[in-house]
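In my numbering, the protein residues as written are 560 to 1385. Below: the structure, in structure tokens.
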Ligand code: BGC
């Protein structure tokens, strides 16, 4: 069918045999659906997501692509307009990789600061998350690329994510965790949803009729496609009947017997037809029926898309949060700057896991500052490292494939560096292959070196013929490669200057993760010369010689990643020690922090300024220089509470238990509604930095607010308007935030909940009115006994300001009667 007119999906569906309908309900391979050439139904390709379009193939080593700021950096912008623009650009990126579906956005909330994947999502707050997601989705889909909002639902940590049972009370589910998805469906109009790996209330999310059909379709009116997370389908007919349309990846695994089941059962046959229609609909909506793309064609569009580069740089700066400034920033022209730290010369532009991609470039803070300040004004020292794993061996690796330990070589391959993931094998190589890898180490000086090996599969490494690491007989499943791999095994070796030969043997090994993907074949060879013990001291010395020290510290995508939770809240390695030493040598010190979430800052009182830049995408160094030099106002406001102590985090009992990370297969969200600032209010803790906080290079004042009415009829929208004035001497941005406080509530409620926000850019001295419109839901809680959203008759306060703890403007109103919205049958 090559017609460009809108096809009639029901007639097309009628033409499909039952076999063909069933075939459409699982992928053809890792990233593509099954085609039906007889009827002109082409393959639809999907790609991760969310901070770029990686393209097909493995998670590393693919085609180059544009890397955008990660989710938490976008969450910090509080700017739906910007997310719409980013979605628009990502559609072009997705098309360039031959795909019609982006596996994004991630909208799981920050329940615990230790969730490994928080970097990928936007916020601890469901309204902020939902509004940003809706804008991103609209931008993407306006260009014909489907969004896939994920992971639906209850995937707020990575611990045992393939099997864990998330136990969430109905109110917390409705008011917090489902809300971003509700926005994505109702306001964003998302065309696809990805179900989570975990169970929700004892049932896998991928076969949860209440979640996938009752709530998603019947209550919210979703008319798109639901796909499973990769390897997260657990049944054939049952999952189809529950509302899961597509098993990913393919070929069919949990659905291998689906045809037989459908033949024998009319209800399953009907469900198969409905699901096949949803697949066809997505193929149609993405333009793939009328105009199929070449799913093998993957273009690298860097030079062509200069506007995307500029957008990434702007967005990176707009997400940067100025946490402290004693007046040292912006840096003055002509200052000499010592750029110090593990994240100075190594650009940290993204997190790890399936969200990673092969960025067109990675501009480091050192490069960015050198370009902005001039080479002569910038010195550099690394100070210390912050590695979780050794840096990947940076020399080419040749690979020979065999069917067994001995026997003929079936194929040969070369990889540019020492990390390899085999998602597809060379032609003729069996699944149970053996790989023999070889690389040359170029050692410039005699000395001690570190080597490491981590693998998903069995591996062993030798140097110059001597066995050095055994990850074969000693293999144990650990914390690498999304939970499929071992831990990293490290050794030290004395090497002489010259060339050395590294050999690695590899064989696949199935592991249990609860997912239907059992073998993930990957390995990583690490190599480095350890820093001398004097490295911190050496950095302090160059700091003393400069006017200002900028210390670039934080983490990287090995710490902040998928399949494993964060390590804690302390900065890894000797980084705190580095800050203390540099400050002692030069008090004019600025901290440039790059993490995917909060960390503790024991040196906060001693430094002059702190900027949180997150992982801001490929233009990182330029965006950071723009902020440090004041070419751009730091536009970011924290989308997450930064606790002062790990114990203040909402789900951090002293010892691991069922609340976090989970016990005996269950994780109970015992804190209920009280995450983030809701928890801070309940327990009156003092965060290190509160939700919504961030400084500008200018200052703002809010004046008294006016209500359209203070006696609000149930269902009547109410508007609140207030003037915002830039009281400083520079242009700048602020985010005005409105929280609702229910004065006398029938059911227990958080002290306040964010119900509106708007970002304004004002010239010096400029005043502008900002207006918020609040409707019934803004005043409501979810009454689980009535199955309804309910706003009590009575008094409410609107708390307005520039962070969750700076809310000077207050207005009161009265709801003259109860407002309700029935959700479930009473
Ligand atoms: C992740 C998804 C991702 C998928 C495909 C899974 O491991 O949870 O977010 O889209 O892999 O890479």
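Backbone N, C-alpha and C define an ideal beta-carbon position, used for all residues, glycine too.
Considering only the alpha carbon of each residue, which of the options lies closest to residue i?
| i | options | result |
| --- | --- | --- |
| residue 1352 | 1338, 1362, 1359 | 1338 |
| residue 1247 | 1172, 1217, 1162 | 1162 |
| residue 1154 | 687, 1171, 1166 | 1171 |
| residue 802 | 711, 726, 668 | 711 |
| residue 1204 | 1148, 1217, 1127, 1147 | 1127 |
| residue 933 | 1072, 1071, 896 | 896 |
| residue 633 | 664, 655, 604 | 664 |
| residue 1273 | 921, 1377, 1308 | 1377 |
| residue 1116 | 911, 688, 1263, 948 | 911 |
| residue 1284 | 639, 1318, 1328, 786 | 1328 |
| residue 984 | 1191, 781, 1079 | 1079 |
| residue 1039 | 726, 652, 996, 1048 | 1048 |
| residue 947 | 1113, 653, 806, 1295 | 1113 |
| residue 1222 | 718, 652, 654, 645 | 718 |
| residue 943 | 590, 1120, 631, 1094 | 1094 |
| residue 1252 | 1077, 659, 1364 | 1364 |
Can you look up residue i in the DSSP assignment and give me helix, strand or coil?
| i | result |
| --- | --- |
| residue 1361 | coil |
| residue 756 | coil |
| residue 1239 | helix |
| residue 1289 | coil |
| residue 526 | Outside the shown range of the chain (560 to 1385) lies residue 526, about which nothing can therefore be said. |
| residue 623 | strand |
| residue 1374 | strand |
| residue 563 | Low local confidence applies: a pLDDT of 43 at residue 563 is under 50, so the model's placement there is unreliable, with the coordinate-based value given in what follows. Three-state result, residue 563: coil. |
| residue 1110 | strand |
| residue 725 | strand |
| residue 865 | helix |
| residue 1216 | strand |
| residue 874 | helix |
Short of 6 Å in beta carbon distance, which residues of its chain neighbour residue i, apart from the five on each side in sequence? Order them along the chain.
| i | result |
| --- | --- |
| residue 746 | 693 |
| residue 1310 | 1240 |
| residue 837 | 784, 804 |
| residue 859 | 622, 623 |
| residue 980 | 617, 618, 619, 1081 |
| residue 763 | 793 |
| residue 738 | 685, 689 |
| residue 1370 | 1264, 1266, 1357 |
| residue 1294 | 637, 1196, 1316, 1318 |
| residue 925 | 898, 903, 904, 939 |
| residue 682 | 634, 688, 1198 |
| residue 798 | 765, 766, 792 |
| residue 564 | Residue placement at residue 564 is poorly supported in this model, since its pLDDT is 47, which falls under 50; the coordinates still yield a value, given next. Answer for residue 564: no residue qualifies. |
| residue 1029 | 1019 |
Apart from the five residues just before and just after residue i, which ones in its own chain have a Cβ nearer than 8 Å to its Cβ?
| i | result |
| --- | --- |
| residue 853 | 657 |
| residue 562 | Confidence at residue 562 is low in this model, with a pLDDT of 39, below 50, so its placement is unreliable and the value that follows should be read with caution. So the list reads 849, once near-sequence residues are dropped. |
| residue 560 | Because the pLDDT at residue 560 is just 37, under 50, the model does not fix this residue reliably, and the value given afterwards should be weighed accordingly. Excluding positions up to five away in sequence, the list reads 566, 571, 598, 599, 600, 848. |
| residue 1189 | 888, 889, 890, 1256, 1289 |
| residue 573 | none |
| residue 1355 | 1299, 1300, 1301, 1302, 1338, 1371, 1372, 1373, 1374 |
Less than 8 Å between the CB atoms is what I'm expecting for residue i and residue j, so what's the real figure, rounded?
| i | j | result |
| --- | --- | --- |
| residue 1314 | residue 1298 | 7 Å |
| residue 684 | residue 1235 | 6 Å |
| residue 992 | residue 961 | 7 Å |
| residue 914 | residue 841 | No, residue 914 and residue 841 are not in contact; Cβ-Cβ is about 22 Å, not under 8 Å. |
| residue 1046 | residue 1013 | 7 Å |
| residue 707 | residue 753 | 5 Å |
Keeping to the same chain, check which residues put their C-beta closer than 7 Å to that of residue i; ignore five residues upstream and five downstream.
| i | result |
| --- | --- |
| residue 1306 | 1340, 1342 |
| residue 820 | 795, 796, 827 |
| residue 1382 | 778, 1346, 1347, 1348 |
| residue 578 | 818 |
| residue 580 | 831, 832, 835 |
| residue 1312 | 1298, 1299 |
| residue 636 | 874, 877, 878, 1194, 1195 |
| residue 1208 | 671, 672, 1202 |
Check the Cβ-Cβ distances between residue i and every residue of chain C, and say whether any is below 8 Å.
| i | result |
| --- | --- |
| residue 1133 | As a matter of chain content, chain C is missing from the structure shown, which is built from one protein chain. |
**OP:** Considering only heavy atoms of the ligand SAH, list every residue whose Cβ is less than 5 Å from one of them, following chain order.
**Re:** The ligand SAH is not part of this structure, which contains only the ligand BGC.
Subject >> alpha helix (DSSP H) segments (min. 4 residues) lying fully within the region 882-953 >> reply: If we require 4 residues or more, the alpha helix (DSSP H) runs fully inside the region 882-953 come out as 924-932.
Original post:
What beta strand (DSSP E) runs, 3 residues minimum, are completely inside the region 952-999?
Top reply: Along the region 952-999, the beta strand (DSSP E) occurs as fully enclosed runs of 3 or more residues at 956-961, 970-974, 978-981, listed in sequence order.
Subject >> Sequence ranges, beta strand (DSSP E) only - wholly within the region 1024-1086, length at least 3 >> reply: For the region 1024-1086, whole beta strand (DSSP E) runs of length 3 or above, ordered along the chain, are 1025-1030, 1048-1054, 1057-1066.
Original post:
What runs of the alpha helix (DSSP H), each 4 residues or longer, lie entirely inside the region 1111-1162?
Top reply: Qualifying alpha helix (DSSP H) stretches, in chain order: 1134-1144.
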